[in-house]
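Reading through the structure tokens given below for one structure.
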DNA sequence: ACCTGAACACCGTTCAAGT
DNA sequence: ACCTGAACACCGTTCAAGT
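Protein chains in written order, with this note's numbering: chain H, 3 to 204; chain L, 3 to 204.
Below, the structure written as structure tokens:
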């Protein structure tokens, strides 16, 4: 009684450890390599402890997505107007999603996670005089456009021999990564222009 | 010799039959219910014949996506300017993707399939004086925006009690389907306005 | 209390064997 | 020639059993 026989580690798995292991596997073998078994294996453990901590596979994927969206935003400069900050913010968002290397992760993310990530952008818009309603709508448009764009952008495997084209995205045979950069910037630019114009005639 | 003993059906599986069976299963049980085994089973057959015809699971998913994108476009009216036709075309595209009920199908679609679907829009733009380069770029922007939007739009399960809001998409707790319609229309509208403006200063 | 081992019901895919 | 049955190597998930 009271005597300790159990020799295994006293320290329970933390969700941070689990997510870290999952992210390692994601970067090494892609999202399809991330399984409850592979994550457990990397932690030197069988699946049940992972289930006990994280719930199930969907919850694990959510947690991975949240990991990549955490602390997304560098706060706006004091003299930075919202359209400029929005350009910076969407580029930052795009970079984070690209680091995650698989857009499937972000298509089932719950709204509160995106809401958390948009907070600084929302505040910046309100600071510049937008109504809360208009700012929430603008943030949703920009978030959807960014994630949607990345979801469509499964980069072409290799740069084949193609004539250089004058206009980004105009070559039907594919798109280079520079062209994708320009397409993304143009896309976001059109949205910001439109939102700005709507605000102007408010 | 020459004597027929083999009693099974003489008719090989066609890919149309396979896709039709897969689409049935998709509508009944969702994309996760579509497996090589379930499709074979619905056709009263074991998996190998399905593999023989369609190749593998990825090819099946491609074929399903193509099914939903086939004959996408009602051709433009003779007096219909490209911005109006683009609005119609994107709405049509959106409707087809929504019918498919799972956007994952369209995120791995090969470029030629989208290229085929965009053809009438491309021709309409060229008819109205856009250069091929500009038209291809514009079509890609609109296609990416449409598919990306739908990919983000996993409709909320039920209409909970929420205050009505004046601006589409401005409620942080969720979006009603009417609001999503308006957000989509606004998004596409901003893009078309931007493209039109670029063309104007050409 | 926490973990392991093993199982259940599935996958995608392949292949020897039947007719 | 075309199909079936069975297998291989995986999944997500759960649960009795150990310590």
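Built from N, CA and C at the ideal position, the CB exists for glycine as well.
Can you say whether residue i is buried or exposed, counting buried as having 16 or more other CB atoms within 10 angstroms of its CB?
i: residue 189 of chain L; result: buried
i: residue 120 of chain L; result: buried
i: residue 181 of chain L; result: buried
i: residue 192 of chain L; result: buried
i: residue 39 of chain L; result: exposed
i: residue 46 of chain H; result: exposed
i: residue 179 of chain L; result: exposed
i: residue 199 of chain L; result: exposed
i: residue 161 of chain H; result: Because the pLDDT at residue 161 of chain H is just 36, under 50, the model does not fix this residue reliably, and the point stays unresolved.
i: residue 54 of chain L; result: exposed
i: residue 196 of chain L; result: buried
i: residue 92 of chain L; result: buried
i: residue 31 of chain L; result: exposed
i: residue 164 of chain L; result: Because residue 164 of chain L carries a pLDDT of 41, less than 50, the predicted location of this residue cannot be relied on, and the following value inherits that uncertainty. The residue in question, residue 164 of chain L, is exposed, as its Cβ has fewer than 16 Cβ neighbours within 10 Å.
Among the options, whose alpha-carbon lies nearest the alpha-carbon of residue i?
i: residue 185 of chain L; options: L:107, L:148, L:203, L:102; result: L:148
i: residue 118 of chain H; options: H:50, H:145, H:198, H:152; result: H:145
i: residue 169 of chain L; options: H:140, H:152, H:170; result: H:140
i: residue 202 of chain L; options: L:42, L:136, L:178, L:143; result: L:136
i: residue 142 of chain L; options: H:143, H:138, H:154, H:110; result: H:154
i: residue 152 of chain L; options: L:133, L:138, L:183, L:52; result: L:183
i: residue 109 of chain H; options: L:196, L:30, L:58, L:156; result: L:156
i: residue 131 of chain H; options: H:85, H:60, H:68, H:58; result: H:85
i: residue 88 of chain L; options: L:122, L:150, L:113, L:22; result: L:122
i: residue 114 of chain L; options: L:59, L:31, L:68; result: L:68
i: residue 138 of chain L; options: H:150, H:177, H:94, H:90; result: H:177
Take residue i and list the residues in its own chain whose beta-carbon comes closer than 6 Å to its own, dropping the five residues that flank it on each side.
i: residue 102 of chain L; result: 70
i: residue 51 of chain L; result: 15
i: residue 116 of chain H; result: 145
i: residue 194 of chain L; result: 85, 88
i: residue 90 of chain L; result: none
So, at 7 Å on beta carbons, what are the nonlocal neighbours of residue i in its own chain, with the 5 sequence-adjacent residues on each side left out?
i: residue 56 of chain L; result: 17, 20, 62, 65
i: residue 159 of chain L; result: Any reading at residue 159 of chain L is ruled out, since the residue's pLDDT is 37, under 50, leaving its predicted position unreliable.
i: residue 98 of chain H; result: 70, 71, 74
i: residue 24 of chain L; result: 36, 41, 62, 66
i: residue 49 of chain H; result: 38, 39, 42
i: residue 134 of chain H; result: 128
i: residue 59 of chain L; result: 38
i: residue 83 of chain H; result: 130
i: residue 96 of chain L; result: 148, 152, 186
Excluding the 5 residues flanking residue i on each side, which residues of the same chain have their C-beta closer than 8 Å to its C-beta?
i: residue 35 of chain L; result: 27, 28
i: residue 33 of chain H; result: 103, 104, 106, 107
i: residue 112 of chain H; result: 64
i: residue 44 of chain H; result: 23, 26, 27
i: residue 94 of chain H; result: 74, 75, 76
i: residue 100 of chain H; result: 152
Which residues in chain L have a C-beta closer than 7 Å to the C-beta of residue i? List them in chain order.
i: residue 71 of chain H; result: Neighbours of residue 71 of chain H on chain L: none; closest Cβ ~14 Å, over 7 Å.
i: residue 153 of chain H; result: 109, 150, 153
Going along chain L in order, which residues have a C-beta closer than 9 Å to the C-beta of residue i?
i: residue 185 of chain H; result: 139, 142, 143, 146
i: residue 29 of chain H; result: Simply none; closest approach about 20 Å.
i: residue 196 of chain H; result: 188, 189, 191, 192, 193, 195, 196
So with CB distances below 8 Å, who are the chain H contacts of residue i?
i: residue 189 of chain L; result: 143, 146, 147, 193
Taking Cβ-Cβ distances shorter than 8 Å, what residues in chain L pair up with residue i?
i: residue 131 of chain H; result: The premise fails here: residue 131 of chain H is roughly 15 Å from chain L at the closest Cβ pair, so nothing lies under 8 Å.
With respect to 7 Å, is the separation between the Cβ of residue i and the closest non-hydrogen atom of the ligand GTP below this value?
i: residue 134 of chain L; result: Annotation note on the ligand GTP: not contained in the displayed structure, which lists no ligands.
Checklist entry - Can we say the segment 121-128 of chain H touches the segment 75-85 of chain H, given the rule of at least three CB pairs closer than 8 Å? => result Judged by Cβ distances under 8 Å, the segment 121-128 of chain H makes contact with the segment 75-85 of chain H, as three or more pairs qualify.
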